[in-house]
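Each residue of the sequence shown is one higher than the one before, starting from 5 at the first, in the numbering used here. Here is the structure we will look at, set down as structure tokens.
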Amino acid sequence: MNYTAGGAQTVKAVTYRNLTLSGSGPKTLTGLSTINGNLSLSGAANATLAQATTVGGNLTIGIGTTLAGASYGLSVAGTWTNSGTFTAGTGMVTLNGSSAQKMTGATTFHNLTLNNSNGLTISSDETVSNNLTLTSGKVTTGTNKVIIASGGSISGANASRYIHGKLKKNVAVGSNVSRTFEVGTASNYNPVTVVFGSVTAAGNLTAKVTSGTLTGSNINDSKNVNAYWTLTNSGITFNNYGATFTFTSADIDTGATTSNFIVAKRDGSTWTSPTVGTRTSTATQATGMTSFSDFAVGEATTSKTERVEGPDRYLTAVAVR
């Protein structure tokens with residue numbers, strides 16, 4: 005069914021297989037509850053939800069078109085493509101397909117829920133202004149980001165549902181400001197919590213976790229966490245912060261002792277060892293830091309000094325790692 009009029013139209017309250025809204029006139033989806041297939045906006049069509057709506061297939065917001073969610077819920081089981089404008093209102097968008105879903109085109113959501121055990125892959129930066137609810141599945145970002153705006157939050161994250169990739173959060177002015185980043189690798193949940201001593205200018209902090217080992221530090225490569233964290237500051241002015249890096253038993257090298265773990269911080273080609281705070285079997289804290297960079301966790305390398313006879317027959321001290 006295609007509504008194509010140049011004047012205002014009210015979309016009839018029936019169940020559609022596929023629904024296209026085109027033409028230049030505004031469309032009001034009064035009484036519309038179910039579209040078994042795809043919903044597509046094209047031309048100059050602008051549409052407004054007038055009750056909770058379910059799209060069993062793909063949702064496409066075409067170039068030059070606007071879909072207004074108002075205060076109503078919108079469920080989509082297929083691909084979300086936004087080349088126009090989505091005005092979220094105060095409603096909830098729920099992605100609840102039975103196969104892996106994709107999202108294309110930058111969109112700002114008020115509330116967004118992922119309820120798909122096969123997950124969601126985004127190909128643009130996607131913003132949530134109020135709450136991102138993770139009911140089932142992971143959000144894979146690639147080179148893009150999930151952005152939680154000022155006042156926004158994430159709920160429901162755990163070992164099977166989190167952000168696999170980059171997560172950006174706003175950091176407000178204040179003392180003891182804490183932000184937890186619900187991030188992980190493709191296999192494991194590795195959140196990091198950052199607590200600022202004092203923030204005097206608000207900004208944003210982006211976190212991601214990468215599988216593998218960062219070499220070249222003073223951490224033993226065979227007794228470490230096989231993942232590393234990257235934190236990137238954008239505009240935050242602060243005095244210092246501490247960060248707690250969380251890992252799973254599956255991340256840890258066999259034979260490593262978590263009570264001996266330290267944090268290694270890489271700034272460019274320079275490695276430092278921040279002061280270690282609290283250690284547990286699944287987390288290590290570093291404190292007193294003043295910049296952001298890459299971070300690795302594991303046991304420190306050990307060294308001893310041997311005395312050997314050199315070619316000049318003098319004894320020479322040699323450090324052995």
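Ideal Cβ positions, reconstructed from N, Cα and C, are used throughout, including at glycine. None of the values given here were measured: they were computed from a predicted structure.
Outcome for residue i when other beta-carbon atoms lying within 10 angstroms are tallied against a minimum of 16
i: R21; result: exposed
i: M5; result: exposed
i: I39; result: buried
i: V312; result: With a pLDDT of 44 at V312, under the threshold of 50, the predicted position of this residue should be treated as unreliable, and no value is reported.
i: T288; result: buried
i: D255; result: buried
i: I67; result: exposed
i: S182; result: exposed
i: N42; result: buried
i: A321; result: The predicted model places A321 with a pLDDT of 44, which falls under 50 and marks its position as unreliable; any figure quoted below should be read in that light. So A321 ends up on the exposed side.
i: N115; result: buried
i: A190; result: exposed
i: V18; result: exposed
i: T117; result: buried
i: A12; result: exposed
i: K169; result: A small fix is needed here, since residue 169 is Gly in this sequence, not Lys. Answer is buried; the Cβ neighbour count reaches 16.
i: T125; result: buried
i: G123; result: buried
From the options, residue whose alpha carbon lies closest to that of residue i
i: S295; options: G216, N42 and F200; result: F200
i: T282; options: S238, S273, S263 and T274; result: S263
i: T64; options: T85, N122 and A56; result: T85
i: A153; options: L136, T147, T145 and G169; result: L136
i: I266; options: L23, T258, S273 and P278; result: P278
i: G101; options: N120, T274, G292 and S26; result: N120
i: S46; options: T58, T52, I158 and S28; result: S28
i: N230; options: N224, T274, N237 and S215; result: S215
Bridge partner(s) assigned by DSSP for residue i
i: A287; result: T250
i: A268; result: A300
i: Y20; result: I39
i: I340; result: What is shown of the chain runs 5 to 325, which leaves residue 340 out entirely.
i: Y193; result: G188
i: V143; result: L124 and I167
i: Q13; result: K31
i: S44; result: T24 and T64
i: N6; result: T24
Element boundaries [beta strand (DSSP E), containing residue i]
i: V132; result: E130 to S140
i: L33; result: P30 to L33
i: I240; result: Looking at the DSSP string, I240 is not in any beta strand (DSSP E), and its letter there is neither H nor E.
i: R165; result: Counting along the chain, R165 falls outside any beta strand (DSSP E), and DSSP gives it neither H nor E.
i: S157; result: S157 to S159
i: S215; result: G207 to S215
i: A51; result: N50 to L53
i: M96; result: M96 to L99
Three-state secondary structure (DSSP) of residue i
i: A255; result: A quick correction: the sequence has Asp, not Ala, at residue 255. Residue state, collapsed to three classes: helix.
i: T111; result: coil
i: N228; result: strand
i: T83; result: coil
i: S179; result: strand
i: T262; result: helix
i: S295; result: coil
i: A72; result: strand
i: S202; result: strand
i: L218; result: coil
i: N62; result: coil
Residue i beta carbon near the ligand PLP (any heavy atom closer than 8 Å)
i: L235; result: In the structure shown, the ligand PLP is absent, as is every other ligand, since no ligand is present at all.
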